[in-house]
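Each step along the sequence shown adds one to the number in UniProt numbering, with nothing skipped, and position 101 is 101.
This report refers to the structure that appears directly beneath it.
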Amino acid sequence: MGLCGKSLRDWLLSRNADLTSSTNSSQILINRVKYLGLFHQVLLAVQYIHSKQIIHRDIKPANIFFTLDGKSIQLGDFGLARSLPDLVNNGDVGAECVVSNTLTPISEHAPNTRGVGTPIYAAPELKSGAQYDTKSDMHNLGIILLELFHPFQTGSERIHVITNLKIKRCLDQDFIAAWPDIAPWILKLTDSEPNNRPSASEVLESRIFRTASMDGLPHLYSKPCADLQTKCSTSNFTFDPKQNNYPPSNEEVLKERFDALSMQETNHQKIQEDTKVEFEHLDREISKDCQKDIEIAKLKEENFKQICQKDNEIAELKEKNVKQQKVIARLQWKIRNMKKTILEANKKKK
């Protein structure tokens with residue numbers, strides 16, 4: 001796994017704080033495309049490890065990381081992962097994966113559970129010590145899908161909603177009304193019976209991803225009221241895992257949105273290609289400039305060496321000239337002495 005930045009847990013906390021505190025309205029904007037895009041990447045990662053017969057056993061937002069550029073996410077922390085063939089051969093069960101059979105209230109500031117699976121995300125079979133397989137990971141994805149589309153104002157609200165989902169098998173009516181195609185998949189993924197849960201491949205091939213990319217507008221979602229317990233208990237929403245509870249769609253509208261999105265994607269790719277060409281051109285120009293600077297530096301170095309060599313030669317010539325002048329001065333002195341001696345000798349003869 002490459003270098004990563006913040007986790008999905010950090011992102012959810014920041015997102016929840018922004019959505020619940022930045023507006024005084026009773027409604028907040030939910031970016032359906034963005035959130036399903038994140039969930040799609042998580043599903044791809046889970047689909048891959050399941051294709052390799054690996055069960056993660058501790059999938060949660062804290063173990064899902066964004067890359068440094070923030071464009072992609074990666075699944076990490078395989079400390080509790082198990083190979084499915086080993087589980088079958090050794091008869092391993094899930095009791096070791098959780099710390100208790102109760103949901104510990106985890107606030108936004110509480111530390112992560114260490115060394116074991118996280119109870120609030122763990123599938124029932126992991127907590128009961130029953131046999132488990134890749135469908136246990138899918139249960140965790142159901143909780144994550146809920147957290148993506150349900151901003152929580154407090155940690156206690158989060159625990160309350162997830163507890164109702166896991167124990168009472170119900171969701172808030174406002175949430176169901178806002179997300180009629182997402183809610184069934186949350187219930188199906190968190191089904192207490194592992195065989196009723198879809199695989200990662202089945203969710204990836206589902207209708208929510210065939211239509212999600214066509215719905216480019218942020219969705220208006222009402223903030224949940226305080227009395228979640230009453231609203232949840234009075235909900236008459238049920239989900240049959242053998243049926244598809246999807247709202248009808250307008251194919252022409254969906255096609256228009258799909259074409260518009262395809263055009264946007266094409267334009268985005270063209271911009272990326274143009275940017276890449278510009279960067280390559282700039283890189284070549286910079287390389288040329290650097291090469292010129294290197295050549296100029298070499299010429300300056302050679303010129304400096306030549307100047308130093310000439311200076312040394314001039315210094316040597318000056319030194320030789322000084323020596324020659326000294327020799328000439330001595331000769332002149334000797335000549336003067338000889339002339340003086342000759343003159344004195346001539347005077348004596350006379």
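Where a beta carbon is used, it is the ideal one built from N, C-alpha and C, also for glycine.
For residue 281, count neighbouring Cβ atoms within 10 angstroms of its own Cβ and tell me buried if that reaches 16, exposed if not.
Under this definition residue 281 is an exposed residue.
Tell me whether the region 36 to 43 and the region 200 to 211 touch, counting them as touching only if at least three CB pairs, one residue from each stretch, are closer than 8 angstroms.
Touching, per the Cβ criterion.
According to DSSP, is residue 199 helix, strand or coil?
Of the three classes helix, strand and coil, the one that applies to residue 199 here is coil, per DSSP.
Under 8 angstroms Cβ to Cβ from residue 43, same chain only, skipping five residues before and after it: list those, please.
These residues qualify, in order along the chain: 141, 200, 203 and 204.
Where do the N-terminal and C-terminal ends of the alpha helix (DSSP H) with residue 67 fall, by residue?
Under the DSSP assignment, residue 67 falls outside any alpha helix (DSSP H), being part of the beta strand (DSSP E) whose first and last residues are 64 to 67.
Compute the Euclidean distance between the alpha carbons of residue 33 and residue 150, then round it to the nearest angstrom.
Taking the straight line joining both Cα atoms gives about 15 angstroms.
If you run the structure through DSSP and keep just helix, strand and coil, what is residue 75?
Residue 75: strand per DSSP, three-state reduction.
So, are the CB atoms of residue 46 and residue 137 less than 7 angstroms apart?
Cβ distance < 7 angstroms, so residue 46 and residue 137 count as in contact.
Can at least three beta-carbon pairs, one atom from the region 77 to 88 and one from the region 160 to 176, be found at a separation below 8 angstroms?
Cβ pair count under 8 angstroms is below three, so no.
In whole angstroms, give me the CA-to-CA distance for residue 143 and residue 11.
If you take the alpha carbons of residue 143 and residue 11, they lie about 16 angstroms apart.
Other residues of its chain near residue 84: CB distance less than 8 angstroms, five sequence neighbours each side excluded
Excluding positions up to five away in sequence, the list reads 53, 54, 55, 133 and 134.
Under the rule that 16 or more other beta-carbon atoms within 10 Å means buried, what is residue 290, buried or exposed?
Per the 10 Å Cβ criterion, exposed.
Pick from 8, 179, 343 and 35: whose alpha carbon is nearest that of residue 64?
Nearest C-alpha to residue 64: 8.
What's the C-alpha gap between residue 146 and residue 60?
Whole-angstrom Cα-Cα distance: 12 angstroms.
Contact defined as beta carbons within less than 8 angstroms: I believe residue 139 pairs with residue 190. What is the distance between those atoms, to the nearest angstrom?
The beta carbons of residue 139 and residue 190 sit about 6 angstroms from each other, so the pair counts as a contact at 8 angstroms.
Which partner residues of residue 83 appear in the DSSP bridge assignment?
Paired residue(s): 54.
Buried or exposed: where does residue 50 fall if 16 or more other Cβ atoms within 10 Å of its Cβ makes it buried?
A residue is called buried once 16 or more other Cβ atoms fall within 10 Å of its Cβ, and residue 50 is buried on that count.
Give the secondary structure of residue 156 by DSSP, where H, G and I count as helix, E and B as strand, and everything else as coil.
The answer is helix: DSSP assigns residue 156 an H, G or I state.
Using only alpha-carbon positions, find the residue among 181, 70, 153 and 319 that is nearest to residue 5.
Ranking the options by Cα distance to residue 5, first place goes to 70.
Can you check whether the CB of residue 152 is closer than 7 angstroms to the CB of residue 16?
Yes, the pair counts as a contact, with Cβ atoms nearer than the cut-off.
Buried or exposed for residue 118, please, with buried defined as at least 16 other CB atoms from any protein chain shown within 10 angstroms of its CB.
That one is buried.
From this set, 348, 334, 180 and 154, which residue's C-alpha is nearest residue 20's C-alpha?
Minimum Cα distance to residue 20 is reached at 154.
Residue 70 in three-state terms, based on DSSP
Here DSSP, grouped into helix, strand and coil, assigns residue 70 to coil.
For residue 7: DSSP bridge partner residues
In the DSSP output, where bridge partners are listed per residue, residue 7 has 65.
Using 10 angstroms around the beta-carbon of residue 265, count the other beta-carbons present and answer buried if the total reaches 16, otherwise exposed.
It is exposed - the Cβ of residue 265 has fewer than 16 other Cβ atoms within 10 Å.
Any idea if residue 333 is buried or exposed, counting beta-carbon neighbours within 10 angstroms, 16 or more meaning buried?
It counts as exposed.
The alpha helix (DSSP H) with residue 142 in it runs from where to where?
Taken as a continuous stretch (DSSP letters only), the alpha helix (DSSP H) holding residue 142 covers 135 to 149.
Do the CB positions of residue 125 and residue 198 come within less than 7 angstroms of each other?
It is not a contact, given that the beta carbons lie outside the stated cut-off.
Can you tell me the Cα-Cα spacing of residue 166 and residue 127, whole angstroms?
When rounded, the distance between both Cα atoms is 12 angstroms.
Tell me whether residue 201, by its Cβ, gets closer than 6 angstroms to a heavy atom of the ligand FAD.
No copy of the ligand FAD occurs in the structure displayed, which carries no ligand at all.
For my contact list, residue 48 and residue 148 are in at a C-beta cut-off of 8 angstroms; report their separation, rounded to the angstrom.
Here residue 48 is actually not in contact with residue 148; their C-beta atoms are around 20 angstroms apart, not less than 8 angstroms.
Whole-angstrom distance between residue 322 and residue 338, CA atom to CA atom
C-alpha separation (whole angstroms): 24 angstroms.
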